[in-house]
Structures are given as C-alpha cells and as structure tokens.
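Under our numbering, think of the first position of the sequence shown as 162, with each following residue one higher. In this text, a Cβ means the ideal position worked out from N, Cα and C, and glycines have one as well. Heads up: the structure comes next, in structure tokens.
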Amino acid sequence: NRARYQNVTFVLLKNGEPVARLVPDNEKVCAGRDLAEALAKTDLPENEARAWHRDLEAARKSLKAPADKWR
Numbered sequence: 162n163r164a165r166y167q168n169v170t171f172v173l174l175k176n177g178e179p180v181a182r183l184v185p186d187n188e189k190v191c192a193g194r195d196l197a198e199a200l201a202k203t204d205l206p207e208n209e210a211r212a213w214h215r216d217l218e219a220a221r222k223s224l225k226a227p228a229d230k231w232r
C-alpha cells in the first residue's frame, strides 16, 4: 500500500543483495496496440514516411536480444 499511496519504492534483498524493486505503478504506459493505432492515423508525406521507415529499420538492426529474456 505504501508503494502506491505514499509513492515509496522498496528494494527486496536476498542475503543482503538487491534482487528486485517494488515501485509505484503511476507512470503512463503506451501499449503496442496504442502505438499501432496512433501510427495508423498518422498521415506523413511520402518522403517523410520513407525516412521514418529507414530510421525504424536502422534502429531494429542495432537492437540486440537480451542475454536473459526474463530481465
């Protein structure tokens, strides 16, 4: 309750080492569905749409899969 109502963050320890954080859930989140809907409504000129697509492809190529998919 304190995490939410008092905006307090807790760090969970195991053998004195931090292993997890309990934080208030008060930040706005954009789901992929929301992003797809917003992009579908966007009307870009063709040259800007192509530039955006190139930037998106470059960003995707620079991403690496996490070593541990659970982190």
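For L174, DSSP records a beta bridge to P179.
In the DSSP annotation of this structure, the continuous segment of the alpha helix (DSSP H) that includes K222 starts and ends at E207 to S223. Taking 8 Å as the upper bound for CB-CB distance, N168 and P185 are in contact here, some 5 Å apart.
Rounded to the nearest whole angstrom, the C-alpha separation of P206 and L200 is 13 Å. A226 sits in coil when the DSSP states are folded into three classes, being neither helix nor strand.
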